[in-house]
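Q: Next up is a structure, given as structure tokens.
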Amino acid sequence: MLEAAVANMNIGGRIAACGVISEYMDDGKRAVPDMLDIVYKRITIRGFLAADFMKLYSDFLSATVDHLRTGTIQTLEDISSGVESIPPAFVGLFHGANKGKKIVKLADIE
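Below, the structure written as structure tokens:
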């Protein structure tokens with residue numbers, strides 16, 4: 036995905052990179068974009084960890100919770116059902132198989 040993003044970036048583009056879970060278990064798979072694109076387009080790539088911004092979490096919640104409630108901001112969920120779907124759902128995390136937040140639904144709440 037990073038390679039596709041870099042190929043479509045404008046000159047002076049910026050990328051914020053957080054997490055590469057699809058690469059944790061596969062030594063042969065690396066998110067390495069075309070370095071010529073990065074240089075010629077003068078693209079900046081900056082990595083960060085969510086933990087770097089934990090001190091801002093309460094401010095983030097204050098600013099976004101109402102938007103989530105009203106639907107101004109929507110979440111994308113990839114839902115599987117049943118205990119039997121847990122192993123493939125977990126493995127899929129490491130291969131980039133899901134879109135959005137991966138959820139395994141075990142039961143309906145009544």
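Numbering-wise (our numbering), the sequence shown opens with residue 36 and increments by one. For each residue, glycine too, the CB sits at the ideal point set by N, CA and C.
(1) If you drop the 5 nearest sequence neighbours on each side, which residues of the same chain put their C-beta closer than 7 Å to that of A124?
(2) Do the stretch 69–78 and the stretch 102–121 make contact, defined as three or more Cβ pairs closer than 8 Å?
(3) Who pairs with A51 in a beta bridge, going by DSSP?
(4) Looking at the unbroken alpha helix (DSSP H) that takes in S93, where does it start and where does it end?
(5) What does the alpha-carbon distance come out to for the pair Y92 and A85?
(6) Measuring alpha carbon to alpha carbon, tell me which of A132, A142 and F95 ends up nearest E119.
(7) If you run the structure through DSSP and keep just helix, strand and coil, what is I114?
(8) Does the separation of the CB atoms of A52 and D72 fall below 8 Å?
A: So, to answer that:
(1) On the sequence shown, residue 124 is found 89 positions in, with the first residue counted as 1. Taken in chain order, the residues that qualify are S115, K137 and V139.
(2) Touching, no, given that fewer than three Cβ pairs across the two stretches are closer than 8 Å.
(3) Counting from one through the sequence shown, the residue named residue 51 turns up at place 16. Answer by DSSP bridge pairing, in chain order: R81.
(4) On the sequence shown, position 58 is the one that residue 93 refers to. Element bounds for S93: Y92 to T105.
(5) Against the sequence shown, residue 92 aligns to sequence position 57. Against the sequence shown, residue 85 aligns to sequence position 50. Taking the straight line from one Cα to the other gives about 10 Å.
(6) In the sequence shown, counting from the first residue as 1, residue 119 sits at position 84. Of the candidates A132, A142 and F95, the one whose C-alpha sits nearest the C-alpha of E119 is A142.
(7) Numbered from 1 along the sequence shown, position 79 holds the residue referred to as residue 114. Residue state, collapsed to three classes: strand.
(8) Sequence index remark: in the sequence shown, residue 52 carries index 17 (1-based). Sequence index remark: in the sequence shown, residue 72 carries index 37 (1-based). Cβ atoms of A52 and D72: not closer than 8 Å.
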